[in-house]
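Start counting at 1 in the sequence shown, then tack on 48, and there's your number in the numbering used here.
Quick reminder that beta carbons are idealized off the backbone N, C-alpha and C, glycines included.
These figures come from a predicted structure and were not determined experimentally.
Beneath this line is the structure, given in structure tokens, with notes to follow.
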Amino acid sequence: MLTQITPVRLYGIRENVFVNYLKTNNVGHLEVGYGFEGILKVLGAEVISNFQSNRFQGMGFRIRSAF
Numbered sequence: 049m050l051t052q053i054t055p056v057r058l059y060g061i062r063e064n065v066f067v068n069y070l071k072t073n074n075v076g077h078l079e080v081g082y083g084f085e086g087i088l089k090v091l092g093a094e095v096i097s098n099f100q101s102n103r104f105q106g107m108g109f110r111i112r113s114a115f
């Protein structure tokens, strides 16, 4: 979405949309997120929503580094 803006794309920032699912005997855990990587060439940032048994549990913010 934001990489459609030419300066953002030329800077090398990439967008990620992801879904992770873990099924156990007791509950199912779902994580849905949207993030960027390539910020200052080594950083990434994500916004994550968590669900357990199809119920919203909360949101979080994650910062990653490529060191």
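**Message:** Just to check my reading of the structure: isoleucine 96 and isoleucine 61 have Cβ atoms closer than 8 Å, yes? What is that Cβ distance to the nearest angstrom?
**Reply:** So it is not a contact: roughly 18 Å between Cβ atoms.
**Request:** Might you give, ordered along the chain, the residues of its own chain that have their beta carbon closer than 6 Å to the beta carbon of valine 75, omitting 5 neighbours on each side?
**Result:** Gln100 and Ser101
**Item:** Buried or exposed (CB count within 10 angstroms, at least 16 for buried), glycine 108
**Value:** exposed
**Request:** Give the secondary structure of valine 95 by DSSP, where H, G and I count as helix, E and B as strand, and everything else as coil.
**Result:** strand
**histidine 77 to lysine 71 span [Cα, whole Å]** = 6 Å
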